[in-house]
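The structure under discussion appears below in the form of structure tokens.
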Amino acid sequence: MSLSTEVMAKMKDAMRAKDTVALEALRAVKSAILLAQTENGAKEELTEDAEIKLLQKLVKQRKDSATLYTEQGRADLAEPEIAQAEIISQFLPEQMSEEELKAALSKLISETGASSIKDMGRLMGVASQQFAGKADGKAISAVIKQLLS
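In this note's numbering, the protein residues as written are 337 to 485.
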């Protein structure tokens with residue numbers, strides 16, 4: 337089942353349940369998919385990698401907004417953003433736990449021969465490609481800093 341088909345099915349369920357937060361999040365996903373498909377003029381299906389990147393971008397936007405609202409003392413605005421991020425995250429592959437990420441990055445560090453924080457840029461490039469969709473960039477960065485220092 338393609339992502340757009342899955343989103344449409346969930347939208348119908350959200351409409352039936354009158355779940356406005358879920359409906360808003362799913363409409364945002366649908367809109368982003370349509371924009372990405374028609375970006376180059378021709379309507380073509382997105383690759384799975386492109387779909388994952390699109391979903392990660394939407395989740396990151398929601399989390400960043402929620403963080404800003406929380407810093408400004410606007411919990412009433414932060415809560416729907418967090419809820420929408422969770423709904424969109426359902427379409428992402430299972431995220432790696434911190435222990436799994438540490439083990440995988442330790443192996444990657446030994447394979448690439450990285451020894452200091454100076455090698456972080458090169459390591460981030462490889463890790464970001466290898467763990468695309470499975471781990472957040474901030475989490476990868478934090479673990480690499482921890483392991484290299």
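Think of the CB as a built atom: it goes at the ideal place given N, C-alpha and C, for glycine as much as any other residue. Quick caveat, the model's predicted, so the values are computed rather than measured.
Between the stretch 416-426 and the stretch 446-462, the count of Cβ pairs shorter than 8 Å is below three; the stretches do not touch. D355 carries a coil assignment under DSSP once its states are collapsed to helix, strand and coil. Following the DSSP letters along the chain, one finds I423 inside the alpha helix (DSSP H) bounded by residues A411 to S425. Your pair A364 and L413 does not check out as a contact, with CB atoms roughly 16 Å apart and the cut at 8 Å. Of all C-beta pairs linking the stretch 427-443 to the stretch 404-412, fewer than three are shorter than 8 Å, placing the two stretches out of contact. Apart from sequence neighbours up to five positions away, the residues of its chain that approach E360 with a beta-carbon distance below 8 Å are P416 and Q420, ordered along the chain.
When only Cα atoms are considered, M347 and I476 end up about 32 Å apart. With 16 or more other Cβ atoms inside 10 Å of its own Cβ, E387 counts as buried. Between the alpha carbons of G473 and S464 lies a gap of roughly 7 Å.
The three-state reading of DSSP puts E342 in helix, counting H, G and I together.
Note on I453: under 16 other CB atoms within 10 angstroms of its CB, so exposed under the neighbour-count rule.
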